[in-house]
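A short write-up of the structure that comes next.
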């Protein structure tokens, strides 16, 4: 990594711009995961601690599906990736549904901490299940999507937007759009918003609350699977432990944007991605997680409602 | 299945549909992650199919669910009732006797068959079933004969007596009769269990009494351990001098970390404390000049008995020389056992006394309702900070004990999973119940350890089976399972510390709704 600010201001700007691009790509992935956190928190008021690990399972499913698709002779990369995307979204959605059905639904009427404990348990189960079934070693994948655009050249420093970064941002934008339509235009979206406001009242007006909550988990898991696939393509290496740290950062993003708010999740994801990238670029890379965690604490303490969230009313 | 004819057919049909669905879902879940294994090759990753494993997994889900549907969930007389009755007080009917008798007979037959075929794994299963039924019957018999004994108290006193005399008695027996008991292993395990009991009790102050969910408790454990380790290796201070310092340092950190999170509640608090725990670990890992980073700190001294070290010979008088007895490495371990036992008792004693002080009452009031608590004039800031500080102090004491026992510490020992284990002990034990926490610690750590030594399982699953790999998986499953089964913990009835008029029984419905 070149030291910034060595020569003229132009190189400094170029370096800054490159980090900005990297940060936006990373932030898009965080944003996709953050949506899962924010939806679940909005609708049942719990932190789905296992969501980070759902993302990890999604990445593994994507990896295996990709290898399987290659091995049956489909070598056209866009087609292969499309198949992988669909398969990963479907199967990860089943994982999300199962986790909710097994660990959270029986505790719906229980005291507040109970689902959080099972969520931690589920997170442990998912991590160790993948570790046992796929091995503890990191899984590398050769770069699938290579190349990029020379965006801008300054001295001997070139700002590059790689194709994978474009793919990440484009996929995220498209999914966000689709998702936004689902929430604001469809019956499911209405049911979700109704459950978010008042679950009892929603069920009295004929909304199937259990089904709505299940679908929320399914959608969240499918988006996490997309994030898993993009993460796999971007970094080219995954292991069974990635869900923990990435999950916490995505949760930070959800809180930062205002939990329960979808644009907030995306915005929060971008901010966290940028903070992490700039911290690694300008300060110490060892402490980049500390930066993200401190950010979480600072945000929660000083802006508990986040950027776009509503204040939570305390009632006795 | 008392209803004859058509209703059974209908039951079978719905059970089959349900199980088939479950099987399909299981297939979707496992198809890729279990059915295909990624393998590292020279050329990159390749896949190795494992159809048999996938088939077995899906089969287990399908048939397991089918059997459960037929005989437990949809059955009129669930097969599990007789077994549950072993641990209740209502009388057996004929059906229960038949089921239990048949099970016992099957177990005996299985045991004999396994003995003939020389299959120790199946012998083990037979014995386990018989022991289970036997224990249940014994318990029923005892409860039947003495219905009004104060079981809780008997359990507590028995447990304390056992904890007090266990090492000395076994040590004496071993020395007198040379039984060849694996004492070293027993004592190490007992020390481990007691460490977790102490940590559980310490966290219980924060989570169980004050109702503040702390997912970063291991940070205080780490602070205590590193405080002692650094003081001992840099300044040559002894364990007993450092113990209060470590406790104080941890309490200080409790206040420092507690301050920013005063305004947070519930899940938010949990996540921020988790973040703090991770920050502490990352700093320990990367601040190499002080903490020696991932290599950790080694050669941490052992505690002394009023200045007498446990060693064959030392610069001054050793413990064995002073008392004129033969040196035995077990002496030091027994001493460590009593140190942690004393520390654990101290934790418990302080907690029990604090609960009767205004501050303890304020903790419990805050747990039940923070706003009501504030409107009654209780300073929630002070109340929260003291809870954090007290809990952290005990974590720190346990941490410095951990450092002195291991003789070596590194950031590896203070990961999030450790916090999760301690929290699981507190929650599964029934939050706020001291006895429950102790039982949960014994069950958790003991069960965890038992998985390490299961030669029986190896003969069951083949020689390549390494149970240690599955420990965390089973731990997670147990955490989810117990929570779903008994959301209020193993010891579900938490008696309030203070009641008006007279003690009243708390209705189970209220407990379930979280109002009691």
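Residue numbers (this note's numbering), protein chains in the order written: chain A, 1 to 316; chain B, 1 to 516.
Glycine is no exception: its CB is placed at the ideal position from the N, C-alpha and C atoms.
Reducing DSSP to helix, strand and coil, say where residue i ends up.
{"i": "residue 47/B", "result": "strand"}
{"i": "residue 503/B", "result": "Residue placement at residue 503/B is flagged as unreliable, the pLDDT there being 48, under the threshold of 50; the coordinate-derived value follows with that caveat. Three-state result, residue 503/B: coil."}
{"i": "residue 19/A", "result": "helix"}
{"i": "residue 302/B", "result": "coil"}
{"i": "residue 38/B", "result": "strand"}
{"i": "residue 148/A", "result": "strand"}
{"i": "residue 308/B", "result": "strand"}
{"i": "residue 260/B", "result": "coil"}
{"i": "residue 411/B", "result": "helix"}
{"i": "residue 434/B", "result": "helix"}
{"i": "residue 158/A", "result": "strand"}
{"i": "residue 297/B", "result": "strand"}
{"i": "residue 140/A", "result": "strand"}
{"i": "residue 315/A", "result": "Confidence in residue 315/A is poor, its pLDDT being 49 and thus under 50, which makes the residue's placement unreliable; the coordinate value appears in the next sentence. It is coil, neither helix nor strand."}
Give the residues of chain A in contact with residue i, contact being defined as C-beta atoms less than 8 Å apart.
{"i": "residue 487/B", "result": "107, 110, 111 and 114"}
{"i": "residue 337/B", "result": "Going along chain A, no residue has its Cβ under 8 Å from residue 337/B, so there is no contact; the nearest lies around 30 Å."}
{"i": "residue 213/B", "result": "113 and 116"}
By the criterion of Cβ-Cβ separation under 7 Å, what are the contact partners of residue i in chain B?
{"i": "residue 369/A", "result": "Look at the range of chain A in this structure, 1 to 316, and you will see that residue 369/A is not part of it."}
{"i": "residue 52/A", "result": "The contacting residues do not exist; residue 52/A stays about 12 Å from chain B at best."}
{"i": "residue 121/A", "result": "476, 479, 480 and 483"}
{"i": "residue 128/A", "result": "472, 473 and 476"}
Return the residue from the list the options that minimises the CA-CA distance to residue i.
{"i": "residue 354/B", "options": "37/B, 432/B, 9/B and 405/B", "result": "432/B"}
{"i": "residue 93/B", "options": "77/B, 107/B and 104/B", "result": "77/B"}
{"i": "residue 51/A", "options": "198/A, 178/A and 223/A", "result": "223/A"}
{"i": "residue 445/B", "options": "162/B, 373/B, 186/B and 294/B", "result": "186/B"}
{"i": "residue 32/B", "options": "54/B, 428/B and 223/B", "result": "54/B"}
{"i": "residue 62/B", "options": "209/B, 21/B, 137/B and 50/B", "result": "21/B"}
{"i": "residue 86/B", "options": "143/B, 38/B and 127/B", "result": "143/B"}
{"i": "residue 218/A", "options": "10/A, 21/A, 37/A and 11/A", "result": "37/A"}
{"i": "residue 220/A", "options": "68/A, 240/A and 30/A", "result": "30/A"}
{"i": "residue 245/A", "options": "19/A, 54/A and 96/A", "result": "54/A"}
Rounded to whole angstroms, what is the Cα-Cα separation between residue i and residue j?
{"i": "residue 542/B", "j": "residue 203/B", "result": "Lying outside 1 to 516, the shown extent of chain B, residue 542/B is not represented and no answer is given."}
{"i": "residue 15/B", "j": "residue 59/B", "result": "15 Å"}
{"i": "residue 12/B", "j": "residue 70/B", "result": "7 Å"}
{"i": "residue 408/B", "j": "residue 419/B", "result": "20 Å"}
{"i": "residue 478/B", "j": "residue 75/B", "result": "26 Å"}
{"i": "residue 229/B", "j": "residue 250/B", "result": "14 Å"}
{"i": "residue 184/B", "j": "residue 238/B", "result": "25 Å"}
{"i": "residue 132/B", "j": "residue 427/B", "result": "25 Å"}
{"i": "residue 24/A", "j": "residue 168/A", "result": "9 Å"}
{"i": "residue 316/B", "j": "residue 307/B", "result": "9 Å"}
{"i": "residue 173/A", "j": "residue 90/A", "result": "20 Å"}
{"i": "residue 268/B", "j": "residue 288/A", "result": "21 Å"}
{"i": "residue 388/B", "j": "residue 370/B", "result": "16 Å"}
{"i": "residue 159/B", "j": "residue 359/B", "result": "29 Å"}
{"i": "residue 48/B", "j": "residue 37/B", "result": "5 Å"}
{"i": "residue 154/A", "j": "residue 161/A", "result": "15 Å"}
{"i": "residue 99/B", "j": "residue 129/B", "result": "13 Å"}
{"i": "residue 364/B", "j": "residue 113/A", "result": "16 Å"}
{"i": "residue 241/A", "j": "residue 312/B", "result": "45 Å"}
{"i": "residue 138/A", "j": "residue 81/B", "result": "47 Å"}
{"i": "residue 262/A", "j": "residue 93/A", "result": "19 Å"}
{"i": "residue 239/A", "j": "residue 62/A", "result": "13 Å"}
{"i": "residue 414/B", "j": "residue 118/A", "result": "21 Å"}
{"i": "residue 84/B", "j": "residue 368/B", "result": "32 Å"}
{"i": "residue 596/B", "j": "residue 127/B", "result": "This structure leaves residue 596/B out entirely; chain B is present only between 1 and 516."}
So which residues on chain B does residue i lean against when the C-beta distance must stay under 8 Å?
{"i": "residue 65/A", "result": "32"}
{"i": "residue 56/A", "result": "Under the 8 Å cutoff, chain B gives no residues; its nearest Cβ is about 11 Å from residue 56/A."}
{"i": "residue 304/A", "result": "263, 264 and 268"}
{"i": "residue 91/A", "result": "28, 29, 31 and 32"}
{"i": "residue 71/A", "result": "46 and 47"}
Name the chain A residues that come within less than 9 Å of residue i, Cβ to Cβ?
{"i": "residue 282/B", "result": "286, 287, 289, 290 and 293"}
{"i": "residue 286/B", "result": "284, 286, 287 and 290"}
Determine the chain B residues that contact residue i at a beta-carbon separation under 9 Å, and present them in chain order.
{"i": "residue 139/A", "result": "38, 40 and 45"}
Runs of beta strand (DSSP E) lying entirely within the segment 204-239 of chain A, each at least 3 residues, in chain order: Runs found: none.
If you scan the segment 321-378 of chain B from start to end, which runs of the alpha helix (DSSP H) of 4 or more residues do you find wholly inside it? Unbroken alpha helix (DSSP H) stretches of 4 residues or longer found wholly inside the segment 321-378 of chain B: 329-354, 358-368 and 370-375, given in chain order.
Which whole runs of the alpha helix (DSSP H) in the segment 88-127 of chain B are 4 residues long or more, in chain order? Counting only runs that start and end inside the segment 88-127 of chain B, the alpha helix (DSSP H) elements of at least 4 residues fall at 94-117.
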